[in-house]
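Novice: Going line by line, the protein sequences match chains A and B. Using our numbering, read the first sequence as starting at 1 and increasing by one per residue. Using our numbering, read the second sequence as starting at 1001 and increasing by one per residue. The beta carbon of each residue, even a glycine, is placed where N, CA and C say it ideally should be. Quantities reported herein were computed from a predicted structural model and do not represent experimental measurements.
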Amino acid sequence: MSLNIGALAADSRRRRILVLAVSFGLSFLAMIVLILILNILGTNVDIFLVMDKTFFEPLREPKMVALIFFWTAPLILTGLSVAIAFKAGLFNIGSQGQMMVGGAAAGIFASNIVPKIQALQFMNTPLLMIPTTMLVGVLGGLIWGGIPGVLKAKTGAHEVIVTIMMNQIALSFVRYLVVSQTYSPFVDKSTGDAYGQTSAISKSAEIPLINSSFSTFLDWSIVPTILSAIIIWYLVEKTRYGYRLRAVGENISAAKSSGINTNFAIISSMMISGGLAGLAGALQVQGNYHKYIFNSEGTLGFDGIAVALVAGNSALWIILSALLFGYLKQGSLNLESSTDISKFLIFTLQSALIIFIAAPLISSKLVSFTEKISRSRNVENAVNGTRQDLGGGIGGEDTEGGEK
Amino acid sequence: MSFELHKNEILGIAGVQGNGQSELVSSIIGMEKIRDGYVAILESEKATVLNNLSIMERLKYAISYIPEDRNKEGMIPNFSVSENIWLAYHDLETEAEIATGETQQKSFLSILTIPINLLGKLARLVIDRFSVKTPSSETKMKNLSGGNQQKVIVGREIMKNPRVLVINQPTRGVDIGVMQKIHEEIIKLRNSGTGVLLVSSDLDEVLTLSDRLLVMYSGKIVAEGTIEEIGMGRLSHLMIGGKEEEA
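1) Considering only the alpha carbon of each residue, which of A:Thr191, A:Asp52, A:Gly89 lies closest to Thr262 of chain A?
2) Which residues, in chain order, does the segment 255–272 of chain A contribute to contact with chain B at a C-beta distance below 9 Å?
3) Would you tell me roughly how many angstroms separate the C-alpha atoms of Arg15 of chain A and Ala311 of chain A, rounded to the nearest one?
4) Exposed or buried, which one is Gly1074 of chain B when buried takes at least 16 other CB atoms within 10 Å?
5) I'd like the list of long-range same chain contacts for Val1016 of chain B, defined as Cβ closer than 7 Å, with 5 residues on each side in sequence excluded.
6) Please check if any C-beta of chain B sits within less than 8 Å of the C-beta of Arg13 of chain A.
7) Under 8 Å, CB to CB, which of the residues in the segment 1068–1090 of chain B have a partner in chain A?
8) Assuming Ser1162 of chain B and Ala1062 of chain B are in contact, meaning their beta carbons sit under 8 Å apart, how far apart are those beta carbons, in whole angstroms?
9) Check the Cβ-Cβ distances between Thr78 of chain A and every residue of chain B, and say whether any is below 8 Å.
10) Step through the CB atoms of chain B and report whether any lies within less than 8 Å of the CB of Ala85 of chain A.
11) Which value, in whole angstroms, describes the spacing of the CA atoms of Glu1032 of chain B and Ser253 of chain A?
12) Starting from Tyr1065 of chain B, find everything on chain A with Cβ-Cβ shorter than 7 Å and list it in chain order.
13) Ser1198 of chain B versus chain A: which residues are under 9 Å apart at the beta carbon?
14) Note down the Cα distance separating Ile1127 of chain B from Val1081 of chain B, rounded to an integer number of angstroms.
15) What does the alpha-carbon distance come out to for the pair Val179 of chain A and Phe344 of chain A?
16) Where Asn39 of chain A and Asp46 of chain A are concerned, what is the direct C-alpha to C-alpha distance, given to the nearest angstrom?
17) Identify the continuous alpha helix (DSSP H) that holds Leu1119 of chain B and give its terminal residues.
18) Between Ser363 of chain A and the rest of its own chain, which residues show a CB-CB distance below 7 Å, the 5 nearest in sequence each way excluded?
19) Is the beta carbon of Ile293 of chain A sitting closer than 8 Å to the one on Gly196 of chain A?
20) My understanding is that Ser258 of chain A touches Ala1088 of chain B, with C-beta atoms under 8 Å, so please give their C-beta distance in whole angstroms.
21) Does the distance from the CB of Ile319 of chain A to the CB of Leu335 of chain A come in under 8 Å?
22) What three-state label does DSSP hand Arg1163 of chain B in the structure shown?
23) When the Cα atoms are used, what is the spatial distance from Pro126 of chain A to Phe109 of chain A?
24) What number of angstroms, rounded off, separates the C-alpha of Glu1138 of chain B from the C-alpha of Leu1125 of chain B?
25) For Asn1168 of chain B, write down the residues that DSSP places opposite it in a beta bridge.
26) With 8 Å as the threshold, decide whether the Cβ of Met1031 of chain B is near any Cβ in chain A.
27) Report all residues from its chain with a CB closer than 6 Å to the CB of Glu1224 of chain B; omit the five preceding and five following residues, and keep chain order.
28) Hey, Ala170 of chain A and Met100 of chain A are a contact pair by Cβ (cut 8 Å); roughly how many whole angstroms apart?
29) Once DSSP output is grouped into helix, strand and coil, what is the label at Ile5 of chain A?
30) Let's see if you can read the secondary structure: which residues bound the beta strand (DSSP E) around Arg1212 of chain B?
31) Take every Cβ of the segment 61–75 of chain A, pair it with every Cβ of the segment 144–153 of chain A, and state whether three or more of those distances are shorter than 8 Å.
32) Can you tell me where the beta strand (DSSP E) holding Ala1041 of chain B begins and where it ends?
33) Spell out whether any CB of chain A is found under 8 Å from the CB atom of Thr1113 of chain B.
34) Nearest to Pro1170 of chain B by alpha carbon, out of B:Thr1226, B:Pro1067, B:Ile1055, B:Arg1212?
35) Rounded to whole angstroms, what's the CA-CA distance from Lys291 of chain A to Gly107 of chain A? Just pull it up for me.
36) Give the range of the alpha helix (DSSP H) segment to which Ala1099 of chain B is assigned.
Given below as structure tokens:
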């Protein structure tokens, strides 16, 4: 794997958290410096207003707290998607496309296939429809993730290139399926001028809101999401399959020489990866839009890469990391909607965070440096102590000798 | 080339490095495809050709393999010592149970999950028998010294009590104490019935351990026999590509 986040993963847990905190502090600083520069250049950005709207207001208002969780759910899934591929040593950049295909598959299944086929009417109850629609989404993503996996295992085609191209193919394919009134088979034809969306999915496939008076966004899809994170954590850390997966990711030659089926590990991890992204797409359709809307994923798929990176690809950390990104996303949206400052200001914070974490050298050097200072201070104190005990003189000579 | 490896025998391959020894062992274990010829196991009139078997299937015929470069093929530096030992047993649970003398309770969950207890027991056994110097079996492999890493790798394979042990550079970059320990264990394994195919760039090692020798030069076997039969002068002459009549 060429992307080196090993340095981060290798450090002890305490140190890793420290490095993360320092990275976050540094990126925060970077954003403030940017604002100051902008202010010097003549824009009039109020730092305190930015802070309040981005970081504090989302926590004050319950509706916005709900929205943070609303953004967190798909980020957890796309983060997991990137992470599990990474565990097998693969860099899946295709979560975006896999999410799109999964969402489109789920939307088409619940809006055009089940309601229109008589033989499938028995399924039209929430008990059957909610899980099958989710499953269809998973399958869509799984196929889209599996193709690069098979190509990687059988022909050695690099997964980064293939997944990037698969994103583009997904975009065109889904565009064909749902965008145009003239040629798309699954576009909403009821009004005749709908663009880029399917008709509404069957009511039975909708995932209900947790509490409609609390938030009109937050639905129960957070539950399967958290469950997925726990299952993936268990799968990777505790099962035999996960052991083999990690072995392939850490050292593919050693895994191969000890008889691990590396091709199976590569293909299956890409399939699981795609499936998770597909689930993210399906849950958005079922929980939020109640139809598939073209490009409604925004950049949630790509953000998964950042989420996984910050969490060091550990499934449980991804929940926290996704929460951070959900918080920043809500903060930035709030900033943009309530002031005339662009949300991309917060985007610089996120980008800086990714830079500091992807290149942990700066932060980890800083941590080591402070550790060294405190250690040398301890040594100094100890030396001074002994010097006093010895009545001085000897210690001084030693230090001089050392300096030469 | 054609040769046989018998039970209770250490067959050493003498040759200057880069004359096809590594390719030979990797094709025996299945890391490289065999284009021509075959590798087979003979037991009481029954021959099993290994050519089309996967690496795992070969390992299940009780072949053990210790690769040349431990950092490249032998171990996973970011895994713990016990996880690295498990690398040799991940699909050979019966062997692990025989080695530890412990039978696992079979349940749905135990089929799914890594048997932590078994892992710990195996690690203890290897660490004790080979006196591996490590703070604990959960220490990361990369934090061990080269010699201790090698002891873990050799230990886990020898504990399997294989029928055939293919071992490439058993003692590269280890100190004299570790080397002695590994030699002792290889001889012990031979005495218990295993056929050992030994490749080493250290000629002394090959000469002291081997019951029989193959001399390899540029991918071919140029001589075969005990060291007495071949003779020291002729051996070194053949190893560097000298013609038979000039010897």
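Specialist: Taking the structure as given:
1) Of the candidates A:Thr191, A:Asp52, A:Gly89, the one whose C-alpha sits nearest the C-alpha of Thr262 of chain A is A:Gly89.
2) Ala255, Lys256, Ser257, Ser258, Gly259, Ile260, Asn261
3) 14 Å
4) buried
5) Met1239, Ile1240
6) no
7) Lys1072, Glu1073, Gly1074, Met1075, Ile1076, Pro1077, Asn1078, Phe1079, Glu1083, Trp1086, Leu1087, Ala1088, His1090
8) Here residue 1162 of chain B is Pro; the residue named in the question, Ser, does not match the sequence. Beta-carbon to beta-carbon, Pro1162 of chain B and Ala1062 of chain B are separated by about 5 Å, close enough to satisfy the 8 Å threshold.
9) no
10) no
11) 12 Å
12) Ser257
13) At residue 1198 of chain B the sequence reads Leu, which differs from the Ser that was named. Simply none; closest approach about 17 Å.
14) Going by C-alpha positions, Ile1127 of chain B is about 9 Å away from Val1081 of chain B.
15) 28 Å
16) 9 Å
17) Annotation for Leu1119 of chain B: the continuous alpha helix (DSSP H) segment containing it runs 1116–1129.
18) Val19, Val22, Ser23, Leu26, Phe356
19) yes
20) 6 Å
21) no
22) coil
23) 14 Å
24) 14 Å
25) B:Val1199
26) Interface residue, yes.
27) Leu1214
28) 5 Å
29) Below a pLDDT of 50, predicted positions are generally treated as unreliable, and Ile5 of chain A, at 41, falls in that range; the measurement from the model is reported next regardless. Coil at Ile5 of chain A, not helix or strand.
30) 1212–1217
31) no
32) The sequence shown places Ile at residue 1041 of chain B, rather than the Ala named in the question. Residues 1040–1043.
33) Residue contact check for Thr1113 of chain B against chain A: a CB pair falls below 8 Å.
34) B:Pro1067
35) 6 Å
36) 1093–1100
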